[in-house]
Amino acid sequence: MSKPDEIIETDVLVVGGGGSGIMAAIEAEKYGVTVTMAVKGLVGHSGCTPAALGGIAGYYIRDPQDSWWQHFIDTVLGGSFLSDQRLAEVFTKQSPIVLLSLEEWGSIFDRTGEGGPYLRQFGGHSYARSVASGDRSGAEMIKGLKAKLFKSNVRILDEIYVTKLITSGQGQLAGATAIELKSGR
């Protein structure tokens with residue numbers, strides 16, 4: 000942002016630059032729309048994902064006895080039925096695809112001696128379906144996401160603090176106001 004009251008037009012505004020924000024921007028761009036990210040810090044360095052240690056559940060395709068359904072059951076039970084079950088279903092069905100995509104984009108997860116993913120069984124899971132990268136799984140996940148993001152046409156606005164979402168008369172999102180942290184504008 001170079002001047003006060005600058006108006007930036009975009010089809011999709013993603014607020015946040017952690018793992019979820021980056022993935023949302025990557026996915027939105029697939030639909031041929033203009034995508035802009037407003038990131039309070041620096042893309043890939045904000046949010047919780049870079050600090051995540053353990054691993055990422057979802058690689059159930061290696062065990063013929065495991066399935067998205069069992070992963071779904073484990074997720075819902077592990078969340079004491081508090082999770083949004085529609086989202087849990089999407090997550091558990093899509094997780095192997097996302098993990099394979101992360102590796103394709105440059106994330107490197109621990110491997111077995113045969114070269115396959117080293118799978119761990121984390122608490123609450125019925126099967127070993129979690130991949131990790133030592134104790135820096137979140138940072139490794141961000142590495143792949145950023146590599147994919149930086150090859151895209153997504154416009155990234157770092158150090159921008161969104162202060163308000165603006166809605167139309169029908170309650171639909173129509174815009175946002177933000178402050179550039181470097182200049183205060």
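Residue numbers (numbering that gives the first Met the number 0): 0 to 184.
We put the CB at the ideal spot given by N, CA and C, even for glycine.
Keep in mind that this is a model prediction, so the values were computed, not measured.
When the alpha-carbon of Gly-54 is set against those of Glu-139, Asp-10 and Ala-87, the nearest one is in Glu-139. By the criterion of at least three beta-carbon pairs nearer than 8 Å, the stretch 39–48 is in contact with the stretch 14–31. Between Arg-154 and Val-75 a beta carbon distance of about 37 Å is seen, past the 8 Å cut, so the two are scored as non-contacting.
Between Ile-7 and the set Phe-149, Leu-180, Ala-175 and Ile-96, the nearest pair of CA atoms involves Ala-175.
Between Phe-108 and Ala-56, the CB-CB gap reaches or exceeds 8 Å. Annotation: Gly-143 is outside any beta strand (DSSP E); the continuous alpha helix (DSSP H) that includes it extends over 136–149.
The DSSP assignment places complete alpha helix (DSSP H) segments of no fewer than 4 residues inside the stretch 17–97 at 18–28 and 67–77, in order along the chain. Scanning Ser-100, Phe-71 and Gly-183 for the CA closest to the CA of Thr-162 turns up Gly-183. In the three-state DSSP reduction, Glu-103 falls in the helix class (H, G or I).
Contact check for Ser-129 against Arg-119 passes: the beta carbons are separated by less than 8 Å.
Take the alpha-carbon of Ser-100 and the one of Phe-149: they are about 15 Å apart. Using a Cβ distance threshold of 8 Å, Ser-151 and Ile-25 count as a contacting pair.
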